[in-house]
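Q:
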Amino acid sequence: MELLQLLLGYPKEFEGDEDSTELEVSTDSSDIYRKSSIPTPYDVTIRINSLVALSTSGWEIVLGNSASEIQSNSSIPKDNRGVIVAVLGSYNRGKSFLLNELCGLNLPSGNLIHTEGISITAGRKQAENIVFIDTAGTDTAIQKDKLDDRKATEALIREIVLHLCSFIIIVVNRLRATDQSYIQQVLMHSKTSESKTNIIIVHNLLDVETVQDVETIIKNEVEFLFDAKPDNMKLKMNQDSTDVSFFHSTNNGVDIRHFIFTKNGTDAAKMWNSQSIDGIMNILQTATDARRNLKVITEMINFVNTKLPQLFTNTHDDNSSENSQKRLQIEMHVRKPFIILSHRKDMENLDHDPYPLSLSPKLLYDDAGYFIGISSMDNGEWKPLYNLYETEDEILAIVELAGFKQGDTRVGVGEESISIEGQRVNFKESLSNPTVHQEKIPMGKFKLEIPFKCRIDQDRVKLEYNEGMYKFTIPKKKATVKYL
533 MELLQLLLGY
543 PKEFEGDEDS
553 TELEVSTDSS
563 DIYRKSSIPT
573 PYDVTIRINS
583 LVALSTSGWE
593 IVLGNSASEI
603 QSNSSIPKDN
613 RGVIVAVLGS
623 YNRGKSFLLN
633 ELCGLNLPSG
643 NLIHTEGISI
653 TAGRKQAENI
663 VFIDTAGTDT
673 AIQKDKLDDR
683 KATEALIREI
693 VLHLCSFIII
703 VVNRLRATDQ
713 SYIQQVLMHS
723 KTSESKTNII
733 IVHNLLDVET
743 VQDVETIIKN
753 EVEFLFDAKP
763 DNMKLKMNQD
773 STDVSFFHST
783 NNGVDIRHFI
793 FTKNGTDAAK
803 MWNSQSIDGI
813 MNILQTATDA
823 RRNLKVITEM
833 INFVNTKLPQ
843 LFTNTHDDNS
853 SENSQKRLQI
863 EMHVRKPFII
873 LSHRKDMENL
883 DHDPYPLSLS
893 PKLLYDDAGY
903 FIGISSMDNG
913 EWKPLYNLYE
923 TEDEILAIVE
933 LAGFKQGDTR
943 VGVGEESISI
953 EGQRVNFKES
963 LSNPTVHQEK
973 IPMGKFKLEI
983 PFKCRIDQDR
993 VKLEYNEGMY
1003 KFTIPKKKAT
1013 VKYL
């Protein structure tokens, strides 16, 4: 089985036994993905440039010329798992430069280069079984009438990355306040994601040349602002061993490793760049417990399908909730290299008969552009945020309900779930024709149900209220044995 097949998720052209290690991708069958007027320098690019584009041709999948290298030279583990790494950062921070260093590639970089959607590059040589994901940089200009679509599209890409990846590398230059805010939000969302995400920050000091200047920046930004401490790892290569210097910090319980890069060809680069590459690659190569399913496109499609019904207001004539839920799903086209709405998968002309789609006006975002409660707008109701923890004996649920007092809500306790519902007063309704400058706090009715994977002791559930937080302590039900 080839790595390229796995990344593409076994489209129709690649039919075969998924468990067979002899399955091959012919050159002819993969050519369908290369027929694009705009080539990609990556192995695979999924052009998620617009959510609204799903109304017609959807998202094109393009193979780069370099994909033939992984088709012929790369192998994958029998369990189809590897390390998936996302490289994130604002526009023009040097993400392509870092990927070139990590993968030994020659991706174009510079002010005029713009990464599209999600781009995938498989590691070569020492980076086998590692897949790198590059994303469109934020802060790029867009036409005014497409701002809402761009904002929602970028937010969805961020959600996809958190779901797919076990490592996130954030690339920054000289640290700015916007970078700090961005990092803080990524850390918060990675901490609350279903799977553990490891964080690496690359300080790409691309305009710094001297060792002394680098040391000053490390002291003022890495050590002072992040409270990072010097650290090192010992690498063994053949019979030799070498020390790699990096920095380690902790932010709200999240461990972060910091690596330094400087302008190529300088004395500072000779000191830092090579050891930083070795250090990052050693972390990725040895992270056997962080391996994920390498069917990247299949995993992405499955994840997006859990989000689409909340992103759009369905304007189709047949707009029953059942049909709306059914229609707003995506999959691969049966013949074309596109991810499209499921009911359009057999269409020959994807520009014909566009499916009416409108972004929901109720989408909320945080300061870094992540969705706030993407699934919280069903049937006009919102859902509060919550954290869920589990020990051997009990479950702890913490629900954020600022402005509510104990008694303002209705709490239900089932055998395998708890529910909480209530209503927040919409203060705008008491105003006379106000001008709205910003609305981020959800108003009106809410209902939240938290399911569990075990039965709970309903009679012993405890609820505490403290500063806008509802804290549920939920004992698990002990299994009993009945003897006959």
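For the sequence shown, the residue numbers in this note's numbering are 533 to 1016. Each residue gets a CB set at the ideal place from its N, CA and C atoms; glycine is no exception.
Relative to the C-alpha of ASP680, which residue among ILE812, SER582 and ASN837 is closest?
A: Comparing Cα-Cα distances from ASP680 to each of ILE812, SER582 and ASN837, the minimum goes to SER582.
Q: With a threshold of 8 Å, are at least 3 pairs of Cβ atoms found where one atom belongs to the stretch 974-988 and the other to the stretch 916-924?
A: Output reads yes: the stretch 916-924 touches the stretch 974-988.
Q: Thinking just about the alpha-carbon of each residue, which of ILE616, LEU707, ASN834 and THR1005 is nearest to the one in ASN949?
A: One detail in the question is off: residue 949 reads as Ser in this sequence, not Asn. When each option's Cα is compared against that of SER949, the closest is THR1005.
Q: With DSSP as the reference, label GLY811 as helix, strand or coil.
A: Three-state result, GLY811: helix.
Q: ASN736 and VAL704 - do their beta-carbons sit closer together than 8 Å?
A: Their beta carbons are under 8 Å apart, which means VAL704 touches ASN736 by this criterion.
Q: Return the CA-CA distance between GLY901 and ILE665, expressed in angstroms with no decimal places.
A: Answer to the nearest angstrom: the Cα atoms are 19 Å apart.
Q: Using alpha carbons as the reference points, say which of ALA934, TRP804 and LYS960 lies closest to VAL740.
A: Comparing Cα-Cα distances from VAL740 to each of ALA934, TRP804 and LYS960, the minimum goes to TRP804.
Q: Spell out a yes or no on whether the stretch 863-874 and the stretch 588-599 are touching, meaning 3 or more CB-CB pairs, one atom from each, closer than 8 Å.
A: Yes, the stretch 863-874 is in contact with the stretch 588-599.
Q: CA-CA distance, ILE700 and ILE616?
A: One C-alpha to the other measures close to 9 Å.
Q: From what residue to what residue does the beta strand (DSSP E) around PHE959 run?
A: It is not in any beta strand (DSSP E) - PHE959 carries neither H nor E in the DSSP assignment.
Q: Using 10 angstroms around the beta-carbon of ALA709, count the other beta-carbons present and answer buried if the total reaches 16, otherwise exposed.
A: It counts as exposed.
Q: At which residues does the alpha helix (DSSP H) containing ASN632 begin and terminate?
A: Here the alpha helix (DSSP H) through ASN632 covers 627-635.
Q: Between VAL786 and SER722, what straight-line distance do the alpha-carbon atoms span, to the nearest angstrom?
A: Taking the straight line from one Cα to the other gives about 9 Å.
Q: Take PRO893 as the anchor and find which of ASP925, ILE927, ALA684 and ALA801 has the nearest alpha-carbon.
A: Per the Cα distances, ALA684.
Q: Considering only the beta carbon of each residue, do ALA618 and GLU648 sit closer than 8 Å?
A: Not a contact, by the Cβ cut-off of 8 Å.
Q: Any idea what DSSP makes of ILE952, helix, strand or coil?
A: Strand.
Q: Is it buried or exposed, CYS697, if we count other Cβ atoms within 10 angstroms and call 16 or more buried?
A: Classification of CYS697: buried, given that the 10 Å Cβ count is 16 or more.
Q: For ILE788, which residues in the same chain have their Cβ closer than 8 Å to its Cβ, ignoring the five residues on either side in sequence?
A: Contacts found: LEU719, ILE731, ILE732, ILE733, PHE758, ALA760, HIS780, SER781 and THR782.
Q: Tell whether a beta-carbon distance below 8 Å holds between ASP799 and VAL743.
A: For ASP799 and VAL743, yes; Cβs fall inside 8 Å.
Q: Taking Cβ to Cβ, would you say SER651 is nearer than 8 Å to ILE872?
A: It is not a contact, given that the beta carbons lie outside the stated cut-off.
Q: Who are the near neighbours of VAL693 in its chain, counting only those whose CB is closer than 8 Å to its CB and skipping five residues on each side?
A: Here the set comprises ALA618, LEU620, ILE650, ILE665, THR667 and ILE700.
Q: Starting from the C-beta of ASN958, find all residues in its chain whose C-beta is less than 8 Å away, skip the five residues before and the five after it, and write them out in chain order.
A: For ASN958, where only same-chain residues beyond five positions count, the Cβ hits under 8 Å are MET975 and GLY976.
Q: Hey, how far is the Cα of ILE927 from the Cα of ASN837?
A: Going by the C-alpha atoms only, they are around 28 Å apart.
Q: Closest to PRO841 by C-alpha separation, out of ASN796, VAL828, MET832 and LEU889, would be which residue?
A: Of the candidates ASN796, VAL828, MET832 and LEU889, the one whose C-alpha sits nearest the C-alpha of PRO841 is LEU889.
Q: Alpha carbon to alpha carbon, what distance is there between SER808 and PRO640?
A: Whole-angstrom Cα-Cα distance: 21 Å.
Q: Expressed to the nearest angstrom, what Euclidean distance is found between the alpha-carbon atoms of MET1001 and GLN990?
A: MET1001 and GLN990: Cα-Cα distance of roughly 21 Å.
Q: If contacts are defined as beta-carbon pairs under 8 Å, then ILE812 and LEU631 qualify, I think. What distance do you get, rounded to the angstrom?
A: Rounded, the Cβ-Cβ distance is 11 Å, inconsistent with contact.
Q: For the stretch 734-808, which segments carrying the beta strand (DSSP E) assignment without a break, of at least 3 residues, lie completely within its bounds, in sequence order?
A: If we require 3 residues or more, the beta strand (DSSP E) runs fully inside the stretch 734-808 come out as 761-769, 772-783 and 786-794.
Q: Are the beta-carbon atoms belonging to LYS766 and ASP775 less than 8 Å from one another?
A: Contact flag set, yes.
Q: Does PRO573 come out as helix, strand or coil in the three-state DSSP assignment?
A: Coil at PRO573, not helix or strand.
Q: Distance, Cα to Cα, MET909 vs ASN764?
A: In this prediction, MET909 has a pLDDT of 45, which is less than 50 and means its spatial position is unreliable; what the coordinates show is noted afterwards. Looking at the two C-alpha atoms, the distance is approximately 47 Å.
Q: Excluding the 5 residues flanking PRO1007 on each side, which residues of the same chain have their C-beta closer than 6 Å to its C-beta?
A: Once the five neighbours on either side are set aside, the close Cβ partners of PRO1007 are GLU926, ASP989 and ARG992.
Q: In whole angstroms, what separates the C-alpha of LYS567 from that of ASP575?
A: Note that LYS567 scores a pLDDT of 49, beneath 50, so its modelled location is shaky; the value from the coordinates is reported in the next line. Computed Cα separation, rounded: 14 Å.
Q: Is it true that the CB of LEU891 sits closer than 8 Å to the CB of PRO916?
A: Against a cut-off of 8 Å, the Cβ pair of LEU891 and PRO916 comes out as no contact.
Q: So what's TYR623 in DSSP terms, helix, strand or just coil?
A: Looking at TYR623 - three-state DSSP - the assignment turns out to be coil, as it is neither helix nor strand.
Q: Closest to GLN817 by CA distance: which of ALA687, LYS795 and ARG613 is it?
A: Taking only the C-alpha atoms, the option nearest GLN817 is ARG613.
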